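This report refers to the structure that appears directly beneath it.
In UniProt numbering, the protein residues as written are 1 to 223.
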């Protein structure tokens, strides 16, 4: 049975995780995140469940995000999430060498005439013990030239333009998640672009924190 989820443009897309033609393995992923923080009741305590408002709360999220991005770019994956209060519990990785079969909309049309050279997607699960969880889809896409990458990014950054299919959280035995594309981050390293999207999985995760998680995830190096 195909897994259903909603991608960046709000379209429901079935994914079955089978090998594609030519022997390429479907590569897809989501990072399922629960932020580690102070103890508290389920859905209320911890970093994600806290409700600090105003400029102080915003400054705290921004500072943690910047620290997380710096750690990610150094290659310190666990350290990056620790800056955001994350403890990694599990992960899974898939790789493939083409993107056409794993995309739709204008993004797919782009790949039809400008193929990518690689596609890596990952699932990582972490938790805080307080019931406040988020899910992040991450994809690393390689291109032949930086010009091809820039052309792709102009399409990918526009909401409603299609997307690369994320694989649902069931890969780690978790409930499926609907991605809206409202919490989204990208990062470019040479001819590789990293794309990340986040959504709440359980409890309470405020929109600013979801945005920060996506931007930290986008800074993670290709696995």
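Cβ atoms here follow ideal geometry from the backbone N, Cα and C, with glycine treated the same way.
As the structure is a prediction and not an experimental result, all values here were calculated from the model.
For residue j and residue i, the rounded distance between their alpha carbons
i	j	result
residue 34	residue 87	With a pLDDT of 48 at residue 34, under the threshold of 50, the predicted position of this residue should be treated as unreliable, though the coordinate-derived value follows. Cα-Cα distance, rounded: 8 Å.
residue 74	residue 91	20 Å
residue 207	residue 143	31 Å
residue 213	residue 180	15 Å
residue 167	residue 102	10 Å
residue 182	residue 149	22 Å
residue 98	residue 151	17 Å
residue 202	residue 61	19 Å
residue 185	residue 67	16 Å
residue 217	residue 69	8 Å
Option in the options with minimal Cα separation from residue i
i	options	result
residue 95	118, 108 and 206	118
residue 111	81, 182, 161 and 199	161
residue 159	137, 209 and 107	107
Chain D contact for residue i (CB, 9 Å cutoff)
i	result
residue 176	Of the protein chains in the structure, only one exists, and it is not chain D.
Buried/exposed call for residue i, threshold 16 Cβ in 10 Å
i	result
residue 59	exposed
residue 146	exposed
residue 63	exposed
residue 163	buried
residue 83	buried
residue 121	buried
residue 171	buried
residue 135	buried
residue 187	buried
residue 175	exposed
residue 113	exposed
residue 173	exposed
residue 196	buried
First through last residue of the beta strand (DSSP E) which encompasses residue i
i	result
residue 78	Segment 77-83 is the alpha helix (DSSP H) holding residue 78; no beta strand (DSSP E) there.
residue 189	184-189
residue 88	88-96
residue 148	Run containing residue 148: none in the beta strand (DSSP E); it sits in the alpha helix (DSSP H), 146-156.
residue 201	192-202
Same chain, Cβ closer than 6 Å to residue i, neighbours up to 5 away in sequence not counted
i	result
residue 221	75
residue 11	Only weak support is given to the placement of residue 11: the predicted model assigns it a pLDDT of 43, under 50, and the value that follows is read from those uncertain coordinates. The answer is none, since no qualifying residue turns up.
Residues near residue i in its chain [Cβ-Cβ closer than 7 Å; skip 5 each side]
i	result
residue 78	88
residue 223	93, 120 and 122
Cut-off 8 Å between Cβ atoms - residues of its own chain near residue i, not counting five sequence neighbours on either side
i	result
residue 190	146
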